[in-house]
Amino acid sequence: MTNQLNQVLLHENNQVGSNLEAWLANGGGEGLQNALAAPEAIIKTIEDSNLRGMGGAGFPTYRKWQFVLAEKDAEVKYLICNGNEDEPGTFKDRLLLEKTPNQIIEGALITALATGVNHLILYINPHEEKAVEAARQAVAQWEAHPLFASVADSLGRPLTLRVFLSSGLYIGGEETAAISSVEGGFPFPKKKPPYPAQHGVHGQPTLINNVETLAHVTHIVKHGAEWYRNLGVGQASGTKIYSLSGDVLHPGVYELPMGTSLRDLVFEYGGGMLAGKEFKAVFTGGPSNTILTSEDLDVALDWDSVQERRSRLGTGAMIVISEGTGIVKRVTEYVDFFADSSCGQCPPCKIGTRQISKVLRKIDTGRGRRAELDHLVNLGKLLPGSGRCALVDGAVTVLNSSLDKFKSEYEAHLIDR
Ligand SMILES: Cc1cc2nc3c(=O)[nH]c(=O)nc-3n(C[C@H](O)[C@H](O)[C@H](O)COP(=O)(O)O)c2cc1C
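Residue 881 is where the sequence shown starts when you use this note's numbering, and the numbers rise one by one after that.
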């Protein structure tokens, strides 16, 4: 697997593992110094940078921060740095945690200065043992460093930073499930509202950001919003990390300018298709997302351009498939994953994902009828929004996208076609 270590977050200068002194000697800490000098200016800088959440939803980061900042009366506030990352095809956050934990921690400390959060939790998947170890070592060094004390002084309240091992379950990455975990329970998602910004860990205001999002923060506050915006292609802002996998010659983790075309990602950086294979499609943003086809190869990979194609950038997971790969089989595998991952609290999610996977399997193995395909289409309309979290929506999104782009492939499998 290739790692493209030539941009910002994955720049070789940042590959110092958990060594804080090496991080600071290579230009780390400057973002934090800027933040300490003018904490009230940070949110505006993040707004001007157009940074959006890298955990899947792409929500504007500054807006979430404003909600938490607005909770002025709370005595304590939490930040969960979300490094659960358990979706198939997504493998960027573990690399960041393992190779560059200091930029995530610095981003978290800057976030504390911007929003007043004072309990910082690195929420990491225990299956990623190297990431856990690197994060633990980095935390110990930060806690002993004078910069840490300066942040606590500026906040005017006790500051804590710790590693918390998640359940290792996919559902544990959902924000309210992460809160349940940190409170000591099973990662059951909670109904919203109330939103975490008002009522999170132990009822206190809680901010949840993906670890990649926080890593970007460090560099934005170091170099400024304009510098960051100019990293993107055209109107796009900054960079994005992609987890590229599937039928390409060089699968791996690539940090590229936001707005790089899908064609360049697959054919230039990914080295093109495996020998003898033709590009068919890419599951964009991971299995809980949408499909782009060869007609979309020239789309710029930025939030808005991808959305114009009725798709989403999501976490930046890109699973490439070649001609000859059955769409129905692949979608069945993904829906099976979601059915297995449902926490079971909401019947439409628990039963709906199982229903979809049962019908998909029947169609894929040539035992399905048109009425069952119609049933799938109907489930795709009925289920979105029926769970307390977005797990069922993810299963339905990939189903609907496959029906939208490859309905004829479904029809070709039917007995009564
Ligand atoms: C089922 C499910 C699993 C999720 N898993 C993760 C995860 O592993 N890591 C993550 O950052 N976000 C995950 N999310 C999204 C989070 O709920 C949340 O939106 C995100 O952590 C916010 O960070 P951001 O604004 O920086 O993107 C998941 C969402 C759902 C519905």
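Ideal placement from N, C-alpha and C gives every residue a C-beta, glycine not left out.
Quiz item: First and last residue of the beta strand (DSSP E) that includes L1087?
Solution: Here residue 1087 refers to the residue found at position 207 when the sequence shown is read from its first residue. Taken as a continuous stretch (DSSP letters only), the beta strand (DSSP E) holding L1087 covers T1086 to N1090.
Self-check item: Neighbour-count burial assignment, R974, 16 or more Cβ in a 10 Å radius
Solution: In the sequence shown, the residue the question calls residue 974 occupies position 94. R974 is buried by the Cβ-count criterion.
Practice problem: Mind the definition here: the segment 1187-1195 touches the segment 1143-1161 only if three or more C-beta pairs lie below 8 Å; say whether that holds. | Solution: no
Quiz item: If you draw a straight line from the alpha carbon of P1167 to that of A1018, how long is it in whole angstroms?
Solution: In the sequence shown, residue 1167 corresponds to position 287, counting from 1. In the sequence shown, residue 1018 corresponds to position 138, counting from 1. Distance between the alpha carbons of P1167 and A1018 is about 32 Å.
Quiz item: Quick one, are the C-beta atoms of S1288 and I1171 less than 8 Å apart?
Solution: Position 408 of the sequence shown, counted from the start, is the residue given in the question as residue 1288. Position 291 of the sequence shown, counted from the start, is the residue given in the question as residue 1171. The answer is no: Cβ separation not under 8 Å.
Quiz item: For ligand 1, any of its heavy atoms closer than 7 Å to the Cβ of N893?
Solution: For this step, residue 893 is matched to residue 13 along the sequence shown. No, Cβ of N893 sits at least 7 Å from all heavy atoms of ligand 1.
Quiz item: Around the Cβ of P1131, are there at least 16 other Cβ atoms within 10 angstroms (buried) or fewer (exposed)?
Solution: Residue mapping note: residue 1131 aligns to position 251 of the sequence shown, counting from 1. Result: buried.
Quiz prompt | Cα-Cα separation between S1222 and E1008, rounded to whole angstroms | solution = Translated into positions along the sequence shown, residue 1222 becomes position 342. Translated into positions along the sequence shown, residue 1008 becomes position 128. If I take the Cα positions, the gap works out to 22 Å.
Exercise. Could you check which residue in A1020, M1138, I1001 and S1030 has the C-alpha nearest to that of S1046?
Key: Position 166 of the sequence shown holds residue 1046. Checking every option, the nearest Cα to that of S1046 belongs to I1001.
Quiz item: Is D1176 buried or exposed, if buried means 16 or more other CB atoms sit within 10 Å of its CB?
Solution: Position 296 of the sequence shown, counting from 1, holds the residue named residue 1176. D1176 is buried by the Cβ-count criterion.
Quiz item: Taking the beta strand (DSSP E) that I1199 falls in, what are its first and last residues?
Solution: Sequence index remark: in the sequence shown, residue 1199 carries index 319 (1-based). A1197 to S1202 is the extent of the beta strand (DSSP E) around I1199.
Practice problem: Return yes when the C-beta of L1271 is under 7 Å from any heavy atom of ligand 1, and no when it is not. | Solution: In the sequence shown, the residue the question calls residue 1271 occupies position 391. Yes.
Practice problem: Using 7 Å as the cut-off, classify the Cβ of G935 as near or not near the heavy atoms of ligand 1, replying yes or no. | Solution: Numbered from 1 along the sequence shown, position 55 holds the residue referred to as residue 935. Because some heavy atom of ligand 1 lies under 7 Å away, the Cβ of G935 counts as near it: yes.
Quiz item: Can you name, in chain order, every residue of its own chain whose Cβ lies under 8 Å from the Cβ of D1296, other than the five neighbours on each side?
Solution: Position 416 of the sequence shown, counting from 1, holds the residue named residue 1296. Closer than 8 Å at Cβ, skipping near neighbours: R1249 and R1250.
Quiz item: What's the gap between the Cα of D1244 and the Cα of G1139?
Solution: For the purposes of this step, residue 1244 is taken as residue 364 along the sequence shown, with counting starting at 1. For the purposes of this step, residue 1139 is taken as residue 259 along the sequence shown, with counting starting at 1. When rounded, the distance between both Cα atoms is 36 Å.
Quiz item: Less than 7 Å between the CB of D966 and some heavy atom of ligand 1, yes or no?
Solution: Start at 1 with the first residue of the sequence shown, and residue 966 comes out as number 86. Correct: D966 has its Cβ closer than 7 Å to ligand 1.
Quiz item: Measuring from the CB of F939, is there a heavy atom of ligand 1 at a distance below 7 Å?
Solution: On the sequence shown, position 59 is the one that residue 939 refers to. For ligand 1, at least one heavy atom lies less than 7 Å from the Cβ of F939.
Practice problem: Tell me whether the beta-carbon of C1229 lies closer than 8 Å to the beta-carbon of G1267. | Solution: In the sequence shown, counting from the first residue as 1, residue 1229 sits at position 349. In the sequence shown, counting from the first residue as 1, residue 1267 sits at position 387. Against a cut-off of 8 Å, the Cβ pair of G1267 and C1229 comes out as a contact.
Self-check item: Beta-carbon separation (whole angstroms), K1102 vs G911, contact threshold 8 Å
Solution: Along the sequence shown, read from residue 1 onward, the residue named residue 1102 stands at position 222. Along the sequence shown, read from residue 1 onward, the residue named residue 911 stands at position 31. Indeed, because the Cβ distance is near 4 Å, the residues count as touching under 8 Å.
Practice problem: Give the straight-line distance between the Cα atoms of H1079 and I990, rounded to the nearest whole angstrom. | Solution: As a working mapping, residue 1079 is identified with position 199 in the sequence shown. As a working mapping, residue 990 is identified with position 110 in the sequence shown. If I take the Cα positions, the gap works out to 22 Å.
Quiz item: Are the beta-carbon atoms belonging to I926 and V1097 less than 8 Å from one another?
Solution: As a working mapping, residue 926 is identified with position 46 in the sequence shown. As a working mapping, residue 1097 is identified with position 217 in the sequence shown. Yes, the pair counts as a contact, with Cβ atoms nearer than the cut-off.
Quiz item: What whole-angstrom Cβ distance do I1201 and D1127 have, given they're in contact under 8 Å?
Solution: As a position in the sequence shown, residue 1201 is number 321, starting the count at 1. As a position in the sequence shown, residue 1127 is number 247, starting the count at 1. So it is a contact: roughly 6 Å between Cβ atoms.
Quiz item: Taking C-alpha atoms, which residue in V1239, A992 and Y1108 lies nearest to V889?
Solution: Walking along the sequence shown from the start, residue 889 turns up at place 9. The amino acid at residue 889 is misidentified as Val; the sequence shows Leu. Nearest of V1239, A992 and Y1108 to L889, Cα basis: Y1108.
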